[in-house]
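Here the structure is laid out as structure tokens; the discussion comes afterwards.
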Amino acid sequence: MSKTIRVLSVVSECVPLLKTGGLADVAGALPAAMAANGAEMRVLMPAYRSLRWRLDGMVPLFGEEDLFGGPGTVYAGRVGGIDFLLLDAPHLYDRDGGPYAGPHGDWEDNPRRFAALSWIGARIAREGLIDGWRPQVLHAHDWQAGYAPAYLEWGGPRDVSSIMTIHNIAFQGWSEAHMLRELRLPAHEFHAHSLEYYGGLSSLKAGLVTADRITTVSPNYAIELMRAEFGMGLQGVLSERASIVTGILNGVDTQVWNPENEDKPYSVDKLRGKMENRKTLCAAFDLEVPGPLAIVVSRMTHQKGIDLLPQVLPEFIEAGGGIAILGAGDPQLEGAMRSLEVRYPERIGVRVGYDEGLSHLMFSGADAVLVPSRFEPCGLTQMYGLRYGTLPVVAQVGGLADSVINVNPASMIAGVATGFTFSPTEADAFSGALRRVIKLWEDKQAWAQVQRNAMRHPVGWEASGNAYAKLYAELVR
Ligand code: ADP
Ligand code: GLC
Numbered sequence: 019m020s021k022t023i024r025v026l027s028v029v030s031e032c033v034p035l036l037k038t039g040g041l042a043d044v045a046g047a048l049p050a051a052m053a054a055n056g057a058e059m060r061v062l063m064p065a066y067r068s069l070r071w072r073l074d075g076m077v078p079l080f081g082e083e084d085l086f087g088g089p090g091t092v093y094a095g096r097v098g099g100i101d102f103l104l105l106d107a108p109h110l111y112d113r114d115g116g117p118y119a120g121p122h123g124d125w126e127d128n129p130r131r132f133a134a135l136s137w138i139g140a141r142i143a144r145e146g147l148i149d150g151w152r153p154q155v156l157h158a159h160d161w162q163a164g165y166a167p168a169y170l171e172w173g174g175p176r177d178v179s180s181i182m183t184i185h186n187i188a189f190q191g192w193s194e195a196h197m198l199r200e201l202r203l204p205a206h207e208f209h210a211h212s213l214e215y216y217g218g219l220s221s222l223k224a225g226l227v228t229a230d231r232i233t234t235v236s237p238n239y240a241i242e243l244m245r246a247e248f249g250m251g252l253q254g255v256l257s258e259r260a261s262i263v264t265g266i267l268n269g270v271d272t273q274v275w276n277p278e279n280e281d282k283p284y285s286v287d288k289l290r291g292k293m294e295n296r297k298t299l300c301a302a303f304d305l306e307v308p309g310p311l312a313i314v315v316s317r318m319t320h321q322k323g324i325d326l327l328p329q330v331l332p333e334f335i336e337a338g339g340g341i342a343i344l345g346a347g348d349p350q351l352e353g354a355m356r357s358l359e360v361r362y363p364e365r366i367g368v369r370v371g372y373d374e375g376l377s378h379l380m381f382s383g384a385d386a387v388l389v390p391s392r393f394e395p396c397g398l399t400q401m402y403g404l405r406y407g408t409l410p411v412v413a414q415v416g417g418l419a420d421s422v423i424n425v426n427p428a429s430m431i432a433g434v435a436t437g438f439t440f441s442p443t444e445a446d447a448f449s450g451a452l453r454r455v456i457k458l459w460e461d462k463q464a465w466a467q468v469q470r471n472a473m474r475h476p477v478g479w480e481a482s483g484n485a486y487a488k489l490y491a492e493l494v495r
């Protein structure tokens, strides 16, 4: 008998339209997860150059003549089962390059580009500009949407609630204080308890101080964020608002990530196909590996601890292991991976780039997936690993700690172990975990048991979809 709740999601990337990381996966999975829980979600995002062709098949809804320096128009249309609202504003989004950066680094006008997105999000929420569809909750994701709850709060009385979700606090949407007026922010809010952030502005902080609720993408990260080590300057703001902060673990799309749909299908009761996929994977990377075959599928950045691989892999290789690495990012890290490949050509294979198809083969064929992150709000690849019986070897931080149960005598007897965790994120602890991988590998029965535990661990959206729905319902009441 529950009534449908209408939610406007404001986000800078969303599968299937555009993805640079897990944010897009989560934004793209939420609408279906919410539909299953009696909430109707529409997704507002920019019409970047690569998306503009889609506007042809969409309906123009309303426009604004001067949207931070040029005209903007909102279009509505359905793509991949999602109701999208695309904000077309050529002066902000119609350019070659990525959504956040061009050939010379971050777009200089990013503050304006994403303030515009947020402005339109707040207008839709407040003014109900979409015929017959007025949101009850505005759900803003990360710094790109941070000003949306702020514009909503500071635009006068409102009956729409707001949620600010932190997917990664490392990105805070900073700009100089003199941008205040241009970004249509109220000057009287420029003080330490509101807009002001280290002498300037932060769109993420603006969202955090004005949203009705703050969520992040795992319960553990919600706690970590209150500490200086992980809060990255915003720990004080979050501690002050601790009573409205919750962590809801991401799920993964279990249709897209399903070992029964891979090259050689397999399942928890029939693992044979996995061995076949392993052969295909070895052939694809030119590898010959007698022991466990690990993979890394990751952005190559400091966050992801990729720099630890050169320190820990030689011992793992000596013990019989091998690894296939797929990723792109920091050129120095890409180079370091290539040097490893040159040093151990039969055991280490590296592909620099972004390749979704290859990543599926990697999860379906490998024995373990390594995720040695320094911080990880949630992380998705460890969950793909669980689902594919590709045992996760993870740093015990953020959502990684919330989703993997370490192999130890107690968890083995209880039959709940699903992978390997280590702490701190340093080479010694990481090496220790890899030694435990080798040891478990030698006990084929025990390995298979952990694989089964992992594959049975629920990683879909059921529980989290329900948690978001409860949160929306609380806000609407
Ligand atoms: P983050 O968003 O911090 O990068 P997540 O683990 O949440 O980390 O999400 C990363 C997503 O991007 C996953 O779906 C992962 O499989 C995918 N991914 C990362 N790098 C690559 C790559 N080089 N090729 C294909 N998929 C990738
Ligand atoms: C961010 C985080 C990652 C998380 C993703 C989706 O990119 O780095 O840990 O899984 O957002 O919430």
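Numbering-wise, the sequence shown is residues 19 to 495 according to this note's numbering.
Heads up, the beta-carbon is just placed ideally off N, CA and C, and yes, glycines get one too.
If you're wondering where the values come from, they're calculated on a predicted model, not measured in any experiment.
Notebook entry, point to check: What three-state label does DSSP hand Tyr-111 in the structure shown?
Noted result: Sequence index remark: in the sequence shown, residue 111 carries index 93 (1-based). Helix at Tyr-111.
Next item on the list: Could you spell out where the alpha helix (DSSP H) holding Phe-208 opens and where it closes?
Entry: Locating residue 208 in the sequence shown gives position 190, counting from the first residue. That residue, Phe-208, is in no alpha helix (DSSP H); it is neither H nor E in DSSP.
Note to self: If you reduce the DSSP assignment to three classes, tell me which class Ala-428 lands in.
What the structure shows: Your numbering for residue 428 matches position 410 in the sequence shown. Assignment of Ala-428 by DSSP, reduced to helix, strand and coil, places it in the helix class.
Next item on the list: Could you tell me which residues DSSP pairs with Glu-82 in its beta bridges?
Entry: Position 64 of the sequence shown, counted from the first residue, corresponds to residue 82. Answer is Gly-90, bridged to Glu-82.
Next item on the list: Please determine if the segment 439-458 and the segment 262-270 are in contact, where contact requires at least 3 C-beta pairs separated by less than 8 angstroms.
Entry: At 8 angstroms Cβ cutoff, the stretches do not touch.
Item checked: Through-space distance from Ala-45 to Met-19, alpha-carbon basis -> If you number the sequence shown from 1, residue 19 lands on position 1. If you number the sequence shown from 1, residue 45 lands on position 27. Low confidence applies here, because Met-19 scores a pLDDT of 37, under 50, leaving its location unreliable and the question unanswered by this model.
Check: Taking Cβ to Cβ, would you say Leu-26 is nearer than 7 angstroms to Ile-142?
Finding: For the purposes of this step, residue 26 is taken as residue 8 along the sequence shown, with counting starting at 1. For the purposes of this step, residue 142 is taken as residue 124 along the sequence shown, with counting starting at 1. Against a cut-off of 7 angstroms, the Cβ pair of Ile-142 and Leu-26 comes out as a contact.
Next item on the list: Return yes when at least one heavy atom of the ligand GLC lies under 6 angstroms from the C-beta of Pro-395, else no.
Entry: For this step, residue 395 is matched to residue 377 along the sequence shown. Because some heavy atom of the ligand GLC lies under 6 angstroms away, the Cβ of Pro-395 counts as near it: yes.
Check: By the 10 Å Cβ neighbour count, where 16 or more other Cβ atoms means buried, how is His-157 classified, buried or exposed?
Finding: Numbered from its first residue, the sequence shown carries residue 157 at position 139. Around the beta carbon of His-157, 16 or more other beta carbons sit within 10 angstroms, so the residue counts as buried.
Note to self: Can you look up Ile-423 in the DSSP assignment and give me helix, strand or coil?
What the structure shows: Counting from one through the sequence shown, the residue named residue 423 turns up at place 405. In the structure shown, Ile-423 sits in coil (DSSP, three-state: anything other than H, G, I, E or B).
Check: Run through DSSP, which three-state label would Met-19 get?
Finding: Here residue 19 is taken as the residue at index 1 of the sequence shown, counted from 1. In this predicted model, Met-19 has a pLDDT of only 37, less than 50, meaning its place in the structure is not dependable; the value taken from the coordinates is given anyway. When DSSP states are grouped into helix, strand and coil, Met-19 belongs to the coil group.
Next item on the list: Please classify Glu-58: does DSSP put it in a helix, a strand, or coil?
Entry: Mapped onto the sequence shown, residue 58 falls at position 40. DSSP places Glu-58 within a strand segment (E or B) once states are collapsed to three.
Note to self: Given the structure, does Glu-374 come close to the ligand SAH, in the sense that its CB is under 6 angstroms from one of the ligand's heavy atoms?
What the structure shows: No copy of the ligand SAH appears in this structure; the ligands present are the ligand ADP and the ligand GLC.
Margin query: Within 10 Å of its beta-carbon, does Glu-171 have 16 or more other beta-carbons around it, so buried, or fewer, so exposed?
Written below: Your numbering for residue 171 matches position 153 in the sequence shown. Answer is buried; the Cβ neighbour count reaches 16.
Margin query: Less than 6 angstroms between C-beta atoms, sequence neighbours within five positions excluded: which residues of the same chain meet that for Gly-40?
Written below: Taking the sequence shown and counting its residues from 1, the one referred to as residue 40 is at position 22. Excluding residues within five positions, the ones whose Cβ falls inside 6 angstroms are Leu-398.
Next item on the list: Can you have a look at Asn-279 and say buried or exposed, based on whether 16 or more other CB atoms are within 10 angstroms of its CB?
Entry: Looking up residue 279 in the sequence shown gives position 261. With fewer than 16 Cβ atoms within 10 Å of its Cβ, Asn-279 is classed as exposed.
Check: According to DSSP, which residues form a beta bridge with Lys-288?
Finding: By one-based count along the sequence shown, residue 288 stands at place 270. Partner(s): Ser-285.
Item checked: Range covered by the beta strand (DSSP E) that runs through Gly-345 -> To locate residue 345, count along the sequence shown from 1; it is residue 327. Run containing Gly-345: 340-347, per the beta strand (DSSP E) assignment.
Notebook entry, point to check: Under a Cβ-count criterion, where at least 16 other Cβ atoms within 10 Å of its own Cβ denotes burial, should His-185 be classed as buried or exposed?
Noted result: Here residue 185 refers to the residue found at position 167 when the sequence shown is read from its first residue. Buried, because 16 or more other Cβ atoms sit within 10 Å of the Cβ of His-185.
Next item on the list: Tell me whether Ile-266 sits in a helix, a strand or coil according to DSSP, three-state version.
Entry: For the purposes of this step, residue 266 is identified with residue 248 of the sequence shown, where counting begins at 1. Ile-266 carries a coil assignment under DSSP once its states are collapsed to helix, strand and coil.
Notebook entry, point to check: Would you say Cys-396 and Gly-417 are within 7 angstroms of each other, going by their C-beta atoms?
Noted result: Counting from 1 along the sequence shown, the entry for residue 396 is found at position 378. Counting from 1 along the sequence shown, the entry for residue 417 is found at position 399. In this structure, Gly-417 lies closer than 7 angstroms to Cys-396 by Cβ.
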